[in-house]
Structures are given as structure tokens and as C-alpha cells.
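Protein sequence lines, in the order shown, are assigned to chains P and B.
Per this note's numbering, the very first residue in the first sequence carries number 5; after that it's consecutive.
Per this note's numbering, the very first residue in the second sequence carries number 123; after that it's consecutive.
Report on the following structure.
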Amino acid sequence: MLDQKRWRLGTAKAIRLLQLLFLSIALWFIYWSHIYEMTYWNKTLLETFQSNFPNVLVYSILIIAVISLEFQSKRRRRISMGPSSVKTREISMSTSSVKTLETLQKENEQLKYELQRSKKLPSNKIGIALLIIGALLLFASVITSSTILAFIGLGLTFWGALFLFARPTKFVRSQILDATAISSYITLDRIMDDLNYKGKPIYIPPYPKETYLPEHLRGLKEMVVFISAKDYTKIPAIEEMAKKQFLVKNPKGICITPPGSALVSLFEKELRSDFTKIDLDGLYNSLPTVIMNNLELASNFEIETEKELIHVKITDSVYKDLYSKEQKLKSVHSIGCPLTSAVACALAIITGKLVTITKSNISPDLKTVEVWYQTVEG
Amino acid sequence: MQFPLSMSDISLWIAVMAIILLVTSELIYSHSENFGDFAIDKTRLRLAALIFGASFMVTVLLRVIAPS
């Protein structure tokens, strides 16, 4: 049974390869017989059709073959998924012993593995195959002095190289991002509730990376958020922050690493610049590009100064589900989601001032997130 | 043994490929999400398209400077 499944998967792959081959040959026939003649011999499309009638016939047959193979493969899939196969499986299940069940389980595992493999299948195998075939055809074209072979070889080499070059980077679904971020916010909520801390989180700017600091003050180079026990804007002493303490005594509160601190490093990496070296206008110009185009964290991002506050409007953020009422996360509104927190971190680094999130507004459909930041002199 | 394609052949081929790549990358670039199971490095695709476009311009320049 396992062999049968493997054979079926093998034939499906072979059909796909055949389709690809037929289609590429047909396309090259079209290219060669019409576009080439139209360009070099100034013929009209009708004239090229008339002079290349056998070619027209060949590529029509090839395209028909591609379409019929597609139908054939779909029908085969439907048949294999059809009720008869389910029925036979049911019968065998009812009459089988534990051994059959084990075999079925093994088969199930194998199929799962095959499915996973086919889903994960990167384009590098296809790329390498195309590249090799293309190179061989190019070599053959030199030996036989055939222009058709040269064009086919060039085309295959080109697509092979392109498949290898533009291979997808590792892709992670946004639900996974939420799932990994939620637990840390829940923990933060529990800590705040347990300690009964009601202060507003304050983003404290770090010292620039290249600044020399003695060993015992190295902790000051890290971005921290201070959450005080009561609502005041006093921040801990330098010595306390340098010790990288979690619980701070004077003033009473906690110091944590902001959820967006790693994201800020990624922004800097994408921009190939240090946030300490650019001004606020530079950030207003570059941040939307990094967030929307480079990292694709949101479909729209606007940042502007509104009186004494800095207003950020994010549309379709990848972290929008963190704000949903089902999650009931309190800290995400005060400290911000990883993206809004990263913006706060960037503002703190650039201005060298303390930054707080004064207000956040989320649309009912979670599509738009608006955040107002305030900079405070330390 | 000689490569069967002339400069004008290669130039035309590069032009066709550059157009295909530029149009594809332009169509893909406006989409911020992936297309189902299909994922591609859009930045690299755009880079390849631009390189092909530039190579076509180079071949045109060569033909202008030294027409054979």
C-alpha cells in the first residue's frame, strides 16, 4: 500500500515535470517562430503563422497535452479521494487486527511526512535541475551551432538561476507571532497585578553603543522600561539600572526589557544606520519604509508630531490580534505591542529623552492602531 | 565550435526577460502578503529585474558604439 502511495506521488511529480517541459518547449516555439521573425524579418503575425504552420501545429498539440495532463491529474486525485477508497478502508478497518491498524498508522505518518515535505519543498531542486539542463543545452548548442538549442538553454539556465536567487526567505505566519508574544504579556500582567503596580511604563534611553563605559556601568547600554509602583515620572538611579536589577527600590518599581527592543535592532540593521546618528525627521522618513516595505509588519504606517505628542497610526499590523478583547491583555495597552514598543524605543534612542505611551486607540475591527507618545526630560 | 547567438539575439532575449521580470516584480511588489503557498523574495526578484534591464541597456549601448 505504501509503495502504491509512493508510486502515485511519483507519477504526480512526473506529470508536473512533463507539463513544465511541454509548456516551455511550446513557449519557445512561439517565441522562435513568431517574435523572432517579426523582429528580424519585419513580418506580420499572420505571415509568421502562415510560414510556420507546422510549428503552430506542434505547439498547439503541446499546449493541449499540458491542459489534458492537468485534467488527468485532477481526475486521478478525485478518484483517489473518492468514496470507494473510503469504503474499502472502512471494510479493512472493521476486519483488521491490531497489525493492520499499526500499518495504517505508519502509512498515515508517512503521508503526513510526505505532505510536510511537499509543502516545504523549496525551489532549489527545480532551480538546480533547470540550471544543469540549461547548461547542457547551451553546451550542445555550441557543438551543433543550433540557435534553437541556444535559446532553450539560455532560457532554462536563466529560470534555474532565478529560482535559486529569488528563493523565499523563511516564512512565518502572523498567528505564530501572536502565539509567541502573548505568553510574555500574560506574565507581565500577572506581575503587575501581583505587585499592584499602577505606574505608567517609561522607556529609558540607553547610552550609545560606542560610548565607553566602565565594566560596572555596562548595563546602561541596554534599553529598559521602568514601571513604577505609583504613577510618577521619577526614574531609578544610574547605579541601580547599571546592575540590571528587575526589582528597583528607589523609586519602587520594576525594570524590564521592552518587547520591541530586538525589533529596533532589526530596524537599524535594515536601515544600515544607528538610531543615535539620525534625527527625528530622519526617523519620520525612514521608519514607514522599513515597517511597510522591508519588514512588512504593517500595510500602512504614519508618524507625525501633534503638538507636544508624537502620533503614530498603524494599519493592519501583524500584532493587531494582541489588542483583541478575547486576549484581555492590559499591559499591551500600556507598554505597547512589539511594534509600538519598538517605535517608543526608537524615539527614546533618537531624542535621548524618556518616552511614555500616553494614549492608544484601537479600532473595533483591530485594523487601525493609533498611539500617542510623549517625550519627557529625564 | 562557435556560440550560435549574435549580440542582437542576446540583446533581444535579455529585453524580453527584463520585461517579464520587471512586470512580475512590479505586480508582486504592491502585495504585502504572500500568495497562498507561494512565497518569493520580492527584493531579490526586483534586483534581478533591474540587473536584466540594465544589461539590456548595456547591449544597446554596445551596438550604438560598435555596430557590427
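Glycine included, each C-beta is placed from N, C-alpha and C at the ideal position.
Quick caveat: nothing in here was measured; it's all calculated off a predicted structure.
Let me know if K254/P comes out buried or exposed under the rule of 16 or more other beta-carbons within 10 Å of its beta-carbon.
Rather than Lys, the amino acid found at residue 254/P in this sequence is Asn. The residue in question, N254/P, is exposed, as its Cβ has fewer than 16 Cβ neighbours within 10 Å.
Taking 7 Å as the cut-off, is the C-beta of P212/P nearer than that to any heavy atom in the ligand HEM? As far as ligands go, the structure on display features none, and thus does not contain the ligand HEM.
Original post:
Of the choices K103/P, I180/P and S345/P, whose alpha-carbon is the least far from that of G264/P?
Top reply: S345/P
Fill in: Per DSSP, cross-strand counterpart(s) of C259/P
F230/P
Contacts that A140/B makes with chain P (C-beta to C-beta distance below 9 Å) = The contacting residues do not exist; A140/B stays about 11 Å from chain P at best.
Meets three-Cβ-pair contact criterion under 8 Å: the segment 330–339 of chain P and the segment 182–192 of chain P: yes
Exercise for review: Under 9 Å between beta-carbons, which chain P residues line up against M123/B? List them in chain order, please.
Suggested key: V146, I147 and S149
Exposure of F57/P, with buried meaning 16 or more beta-carbon neighbours within 10 Å
exposed
Checklist entry - Thinking C-beta only, is P205/P closer than 8 Å to I239/P? => result no
| said: Can you list, in chain order, the residues of its chain with a C-beta nearer than 7 Å to that of K47/P? Leave out the 5 residues immediately preceding and following it. | reply: E41
Could you name the residues of the segment 161–175 of chain B whose beta carbon sits closer than 7 Å to any beta carbon of chain P, in the order they occur along the chain?
A161, I162, D163, R166, L167 and A170
| said: Would L166/P pass as an interface residue toward chain B - the criterion being a Cβ-Cβ separation below 8 Å? | reply: yes
| said: Please list the terminal residues of the continuous alpha helix (DSSP H) segment that includes Q378/P. | reply: From DSSP, Q378/P is part of no alpha helix (DSSP H) but of the beta strand (DSSP E) over T372 to V380.
So that I know if they touch, is there some Cβ in chain P lying closer than 8 Å to that of L134/B? yes
- Query: What's the gap between the Cα of S133/B and the Cα of E51/P?
  - Reply: 24 Å
- DSSP state of I282/P, grouped into three classes? coil
### Query
What span of residues does the beta strand (DSSP E) with F305/P cover, start to end?
N304 to E310
Alpha-carbon to alpha-carbon, Q114/P and L102/P
The sequence shown places Val at residue 102/P, rather than the Leu named in the question. Each residue's alpha carbon lies about 18 Å from the other.
> So what's I206/P in DSSP terms, helix, strand or just coil?
Replying inline: strand
Notebook entry, point to check: Do we get a CB-CB distance below 8 Å when we pair L127/B with the residues of chain P?
Noted result: yes
Using the Cα positions of A69/P and K371/P, report the straight-line distance between them to the nearest angstrom.
-> 46 Å
message = Is there a Cβ of chain B sitting closer than 8 Å to that of S84/P, yes or no?
response = Confidence in S84/P is poor, its pLDDT being 49 and thus under 50, which makes the residue's placement unreliable; the coordinate value appears in the next sentence. No, because no Cβ of chain B sits closer than 8 Å to the Cβ of S84/P.
Under 8 Å: do the segment 127–144 of chain B and the segment 346–353 of chain P share three or more Cβ pairs, one atom per stretch? no
Taking only three categories from DSSP, how would you classify K247/P?
coil
Span of the alpha helix (DSSP H) around K273/P: S265 to L275
Beta-bridge pairing of I420/P - partner residues as DSSP gives them: The shown model of chain P, from 5 to 382, leaves out residue 420/P, and the question about it has no answer.
Rounded to whole angstroms, what's the CA-CA distance from K2/P to P209/P? Just pull it up for me. Within the shown structure, residues of chain P are numbered from 5 to 382, placing residue 2/P beyond reach of any answer.
Item to check | Cβ contact check for the segment 150–160 of chain P and the segment 299–315 of chain P: 3 or more pairs under 8 Å | outcome: no
query = Does DSSP put V322/P in a helix, in a strand, or in coil?
reply = coil
- Tell me, which residues are paired with K363/P by DSSP? W376/P
Exercise. Specify, as a first and last residue, the run of the alpha helix (DSSP H) that R185/B falls within.
Key: K164 to I187
Report the neighbours of R171/P on chain B: residues whose CB is nearer than 7 Å to its CB, in chain order.
D163
By Cβ distance, which residues of its chain are closer than 6 Å to W376/P, with the 5 residues on each side in sequence left out? L313, H315, T362 and K363
Residues of its chain near S290/P, where Cβ-Cβ distance is below 6 Å and the 5 sequence neighbours each way are ignored
L275
Q) When the Cα atoms are used, what is the spatial distance from D197/P to L224/P? A) 27 Å
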